[in-house]
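For this note's numbering, add 75 to where a residue sits in the sequence shown, where the first one is 1.
Glycine residues also receive a C-beta, built at the ideal position from the N, C-alpha and C atoms.
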Amino acid sequence: MLSMKKINQVAMAVFVTAVLSGLSTNVISAASSPHPFKGKHLEYYAQLDVRLPGISTAFIPPINTTVSANFGAGTLFALNITEEVAPSSKLLGSVRGYTVETSYLGFPDSWLLEVAFVEYNDGKYNGTLQLQGLAQQSLTELAITGGSGSFRGAKGYLVVTLVVDSLPTRTFRHNLTFL
Ligand SMILES: *[C@@H]1O[C@H](CO)[C@@H](O)[C@H](O)[C@H]1NC(C)=O
Ligand SMILES: *[C@@H]1O[C@H](CO)[C@@H](O)[C@H](O)[C@H]1NC(C)=O
Ligand SMILES: *[C@@H]1O[C@H](CO)[C@@H](O)[C@H](O)[C@H]1NC(C)=O
Ligand SMILES: *[C@@H]1O[C@H](CO)[C@@H](O)[C@H](O)[C@H]1NC(C)=O
């Protein structure tokens, strides 16, 4: 029969082992400071195929189109991301999130708040990125507000460019800059 002290020692050893093995499989993520992406760029392509259920404009209806235009209307999306522009190129993960129309009749712009996360794994770097900003027709620049795994503590910005506009396919290039 193990004494209480012994049990505690065993429990502590298990805990320490778990923490250490966690570190050893995540060398890039936790230990590196500054993180390996500082000052670097990363690029991938987000694939939208409107025939797939990966985008829904029925996510949240507008509050009241008579008095507040499209205010409140939400679109939900879940798209694959790939290494190259071709949808058949290497799959790296996904970008998932939503946009919400923030313009009320008193604000004649059409500004969409976008909130999304990227799940990214290219075999070397593996983790998630949190994105937030204003989605616009001409130039969308989102902030990289953080991340996990290889991207823990990430900060920077991302520029979205529409590179293929040929329905049912739309492909966006995401150009990420880490600060
Ligand atoms: C994502 O890629 C997988 C594998 O290529 C494919 O089966 C799936 O349909 C794609 N999903 C979307 C939303 O494009
Ligand atoms: C929208 O607002 C107007 C004005 O208050 C109201 O008459 C109408 O019933 C509302 N529509 C809906 C769908 O709530
Ligand atoms: C990538 O990270 C996720 C989340 O931490 C993990 O579940 C998965 O096993 C990792 N994949 C590889 C290939 O390391
Ligand atoms: C990506 O963004 C960086 C910084 O804004 C820029 O120098 C680079 O040319 C961009 N790459 C592409 C392919 O647009």
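In the structure shown, the three-state DSSP call for SER223 is strand. Two segments are said to touch when three or more pairs of C-beta atoms, one from each, lie closer than 8 Å; by this definition the region 173 to 184 does not touch the region 195 to 202. When the beta-carbon positions are compared, TYR119 and GLU158 come within less than 8 Å of each other. Burial is judged here by how many other beta carbons sit within 10 angstroms of a residue's own beta carbon; THR246 has at least 16 and is buried.
For SER131, the enclosing beta strand (DSSP E) has its first and last residue at 130 to 135. Residues whose Cβ lies closer than 6 Å to any heavy atom of ligand 3, listed in chain order: ASN196, ASN201 and GLY224. Taking the Cβ of VAL234 as the reference point, at least one heavy atom of ligand 4 falls within a distance shorter than 7 Å. Straight-line measurement puts the Cα of VAL193 at about 14 Å from the Cα of GLY231. For GLU216, the CB stays at least 7 Å from every heavy atom of ligand 4.
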